[in-house]
Amino acid sequence: MEPLPLDDRGLAYGDGLFETVLLRDGQPLLWREHLARLQRGAERLGFTAPDADTLRACCAEAPAGLAVLKLIVTRGSGGRGYRPPDAPSPRLRWQLAAFAAQPERWRDGVRVRHCRLRLGRQPALAGIKHLNRLENVLARGEWQDDAIAEGLLSDSHGQLVEATCMNLFWSRQGRLETPRLAYCGVAGTLRDALLSKLAISEVEAGPEALLDAEAVWLGNSLQGVWPLVQLDAAEGACLRRWTLDAHHRLLQDAGHALLGYPAIR
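In case it helps, the numbering used here puts the sequence shown at residues 32 to 296.
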């Protein structure tokens, strides 16, 4: 594959989309959800996504076992400044790499913190996985302690949205909930699949909702589902701890069944 030219709009402006797909022995998991999100994103940005057969061919040289396929689709080159070309020629690039999940985080749970950064609201980009992820980069730069697995992001109105690279779920008064992503955030493919299988309500809620939760989880289509055992403030103080029990395995079991990961007992 040739490198991206300097005038590629994805490189210059983040004008494009990407997907990270878990493969098991060359077979893509949640493939329908990944294709659907890529199509939604291309329609939103105003160019044509590669067809399904072209994308499926990127899996052909995957190694045995678990692997990750990263797909990047840019608008291509052309246009003048920010003005996009009248007839875009999208450019596809991909990469395959071996992958190993982190089963200790499935089993033992994770410690997370709130981030200071607030996501800006932009409904035109909400839900899609576009290439401009500078907010996530800045948020992830807030901590270097490896004991903290993730950071939670709220938006400029103080509403919970997601973690830096995972979606957020919780159980409150026996009801499964996840943030509504109408204004910002990435609608993860595992999130989409879980919404179609479980009674999960999309809600607008502030960080205080987590203090009342019986269980909290983070999940994505690569790592599976991590239960939370500790939540810290951005300043470092512990806000809440959870003891893992059978209740914490319910959402995890459903997510892992979709990815071929084991149930944890």
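Ideal Cβ positions, reconstructed from N, Cα and C, are used throughout, including at glycine.
The straight-line gap separating the alpha-carbon atoms of Phe78 and Glu245 is approximately 43 angstroms. Leu150 is not a Cβ neighbour of Leu48, given a cutoff of 9 angstroms. One thing to note: Cys146 has its Cβ within 9 angstroms of the Cβ of Thr195.
Under the three-state reduction of DSSP output, Pro134 falls in the helix class.
Of the candidates Asp276, Ala265, Ala268, Glu266, the residue whose Cα lies closest to the Cα of Leu259 is Asp276. Inter-segment contact for the stretch 152-161 and the stretch 271-285 is absent: fewer than three beta-carbon pairs are separated by less than 8 angstroms.
Arg271 and Glu235 do not touch by the CB rule: their CB atoms are close to 20 angstroms apart, not below 8 angstroms.
At a Cβ-Cβ threshold of 9 angstroms, Leu242 and Glu233 do not count as neighbours. Collapsing the DSSP output to three states places Ala285 in a helix. In the DSSP annotation of this structure, the continuous segment of the beta strand (DSSP E) that includes Gly47 starts and ends at 47-55. By the Cβ criterion, the stretch 74-94 is in contact with the stretch 117-131, since at least three pairs of Cβ atoms, one from each stretch, lie closer than 8 angstroms. Between the alpha carbons of Ile103 and Gly41 lies a gap of roughly 9 angstroms.
Taken through DSSP and simplified to helix, strand or coil, Glu233 comes out as strand.
Taking each of Leu184, Gly250, Trp201, Cys215 in turn and checking the Cα distance to Arg222, the smallest one comes out for Gly250. Take the alpha-carbon of Asp56 and the one of Glu266: they are about 43 angstroms apart. Counting along the chain, the unbroken beta strand (DSSP E) around Glu193 starts and ends at 191-194. Within its own chain, the residues whose Cβ lies closer than 8 angstroms to the Cβ of Pro59, once the five positions on either side in sequence are excluded, are Val52, Leu53, His65, Arg87, Cys90, Leu100, listed in chain order. A direct Cα-to-Cα measurement between Arg106 and Gly205 gives close to 44 angstroms. By the CB criterion at 9 angstroms, Leu262 and Leu165 fall outside the cutoff.
In terms of Cα proximity to Pro94, the closest of Ala131, Arg63, Ala294 is Ala131.
Counting the other Cβ atoms within 10 Å of the Cβ of Val141 gives 16 or more, which makes it buried. Taken atom to atom, the span from the alpha-carbon of Arg136 to that of Trp257 is near 6 angstroms. Val168 and Trp174 have their C-alpha atoms roughly 11 angstroms apart.
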